[in-house]
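*Asks:* Just so you know, the sequence shown maps onto residues 1228 to 1651 in the working numbering.
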Amino acid sequence: MHLLAAEPGAINDGSHAVDLGQTPGDIIVLSAADTELSAIAQARAKLNGEDFPSLRLASLLHLGNDHSVDHYGEDIIAHAKLVIVRLLGGRGYWPHGTDTITRICREQNIPVAFLPGDDQPDPELAALSTISAEAQHRLWQYGVHGGPDNALDFLNFAASLIGVETDWREPRPLVRAGLYWPGLEFPDLNAVKTAWKKDAPTAALVFYRALVQSGNLKVIDALIEGLAAAGLNALPVFVASLKDPVAAATLEELLVGGSPDVILNATGFAVSVPGVPRTSTPFDAISKPEQPGPVVLQVVFSGGNEHDWHHAKRGLGPRDIAMNVALPEVDGRVMSRAVSFKGLKRRDELTETDIVEYEPVADRIQFVSEMAANWAALRLKPVAERRVALVLANYPNREAGERLAHSLALPDVVDYLQVTPSYG
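1. Can you tell me whether T1580 is buried or exposed, with buried defined as 16 or more other CB within 10 angstroms of its CB?
2. May I ask you to report which of helix, strand or coil DSSP gives F1568?
3. When you compare each of G1495, G1544, R1573, D1302 to E1556 by their alpha carbons, which one comes out closest?
4. For I1358, which option in V1245, L1459, I1337 has the closest C-alpha, if you only look at C-alpha atoms?
5. Could you check what DSSP says for F1413 in three-state terms: helix, strand or coil?
6. Quick one: complete beta strand (DSSP E) runs, 3+ long, within the stretch 1329-1404?
7. Could you check the C-alpha separation between P1609 and A1431 for me, to the nearest Å?
8. Between S1356 and the rest of its own chain, which residues show a CB-CB distance below 7 Å, the 5 nearest in sequence each way excluded?
9. Helix, strand or coil, according to DSSP, for L1274 in the structure here?
10. Buried or exposed: F1413, going by 16 or more other Cβ atoms within 10 Å of its Cβ?
11. Less than 8 Å between the beta carbons of F1465 and I1490, yes or no?
12. Using 8 Å as the limit for Cβ to Cβ distance, is A1553 near chain B?
13. Helix or strand or just coil, what does DSSP make of K1515?
14. Just grab the DSSP bridge partners of L1309 for me.
15. Shortest alpha-carbon distance to S1507 belongs to which of A1244, P1472, V1296?
16. Reducing DSSP to helix, strand and coil, say where W1536 ends up.
17. So is N1443 buried or exposed if we call it buried at 16+ other beta carbons inside 10 Å?
18. Starting from D1581 and walking both ways along the beta strand (DSSP E), at which residues does that stretch end?
19. CB L1382 to CB A1270, shorter than 8 Å?
20. Which residue comes first and which comes last in the beta strand (DSSP E) that contains Q1440?
21. With a Cβ-Cβ cutoff of 8 Å, do I1304 and I1328 count as a contact?
22. Here's the rule: buried if 16 or more other CB atoms are within 10 angstroms of the residue's CB, otherwise exposed. What is A1244?
23. Distance, Cα to Cα, D1380 vs T1578?
24. For S1286, list the residues DSSP reports as bridge partners.
25. Assuming I1451 is part of the alpha helix (DSSP H), what are its boundary residues?
26. Find the nearest neighbour of P1501 within the set D1558, M1562, A1418, judged by alpha-carbon distance.
27. Output the boundary residues of the alpha helix (DSSP H) element that contains L1554.
28. Any idea which residues DSSP pairs L1491 with across the strands?
29. Assuming A1386 contacts I1267 under a Cβ cut-off of 8 Å, what Cβ separation, rounded to an integer in Å, is found between them?
30. For the stretch 1383-1402 against the stretch 1453-1463, are there 3 or more C-beta pairs whose distance is under 8 Å?
31. Between H1534 and the ligand MG, is there a pair consisting of the residue's CB and a ligand heavy atom that are separated by less than 7 Å?
32. Applying the criterion that 16 or more other CB atoms from any shown protein chain within 10 Å of the CB defines a buried residue, is L1469 buried or exposed?
33. Please return the same chain residues whose Cβ sits closer than 7 Å to the Cβ of R1574, not counting the five positions on each side in sequence.
34. What does a CB cutoff of less than 7 Å around L1264 pick up in its chain, not counting 5 residues either side in sequence?
35. Kindly identify the DSSP beta-bridge partner or partners of P1463.
36. Can the beta-carbon of E1586 be found closer than 8 Å to that of F1568?
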């Protein structure tokens, strides 16, 4: 079967098989997180000398096709000395790949470690691993805590599992959330405020901690500049996850201290669960009975590349829609735009993988920044001066559709009009 060359930043939907262009290596690490692969590649570059085992890194996003998995298994996995797979979503996320690697590693007597892609244990993945439970847990914790030092010790410990003498330390926890500012290391709120314009509205910008850990911050810096150009002071906050208790508490504290007039959120998924009453989120910390909290705009850092998005009739792919559009709406966030796409940063020869990073798109950064400024201005406007337009659907382009729209929507409209005067 003919295999296409994998494209950096592309997400393989399984419609075609790809060749990652790798040669066999001693240690194989697979992950769907490009930021994690980038951090491990940077750590490998720090390990000088020819004695260190050869390392191959690969993105699971390139291995969505069963033929791609079979080809990679035969050509790469079967010749490894250790295989490490980090799966967000467990075996169900990548069943054929998980089963193929499990089979090959057992047939070839190759140690394999399946690690959860988040901070929640996965008994099924632990049972599939053939290294000791202690070693599997340690490898997992290196990934959970992240950062350059843990990435380095992750590699050294992995090498020790195949008989190489290395010095490694136990995983070290890193801060779960905090402030970011270009050129400053671990800034506090006062340090960030020194860069603000006096009396300008504030926009909180919430994004994943992994971007700080990997140095993949070009899009964050572009948004900070874009918000400033739109007349807003940026309050950039990184979090491990909105569901992480420590990260959520830290975010709440920073939001209270920063008092933003609008929030831009670039994390995926939702805190609430569809179909059940809404769960409170960290953004609710600055909501008061007399003054509801600011709107939360969902900003998309697309997992695909700009070329594919530009030529796709439906725009963002299914994965982006689920993670960054559909689920965030469950929390009540308002969709804005995709402001960046993944692009090739460089080809890493030591690990034979493409290092990708988020490439901001200038006009979409500008659009979202101006959108945020408008929402901030609306929040600061007296309630009595605000205007609301109600637009009702009229479908499916027939007289019956008009009656349907009116019959379903009008009672809610009446209720809304009766309530709004009490809010001014």
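A virtual CB, placed ideally from N, CA and C, is assigned to each residue, including glycine.
*Replies:* With the structure as the only source:
1. buried
2. strand
3. G1495
4. I1337
5. coil
6. 1339-1343
7. 22 Å
8. V1339, A1340, F1341, Q1363
9. coil
10. exposed
11. no
12. Structure shown: chain B not included; a single protein chain is present.
13. strand
14. I1254
15. P1472
16. helix
17. buried
18. 1580-1587
19. yes
20. Element bounds for Q1440: not the beta strand (DSSP E) but the alpha helix (DSSP H), 1436-1441.
21. yes
22. buried
23. 17 Å
24. S1258
25. 1445-1456
26. D1558
27. 1554-1557
28. L1432, L1524
29. Contact flag wrong, Cβ pair sits at about 13 Å.
30. no
31. Looking at this structure, you won't find the ligand MG or any other ligand, since it has none at all.
32. buried
33. D1581
34. S1258, L1284, S1286, T1580
35. L1432
36. yes
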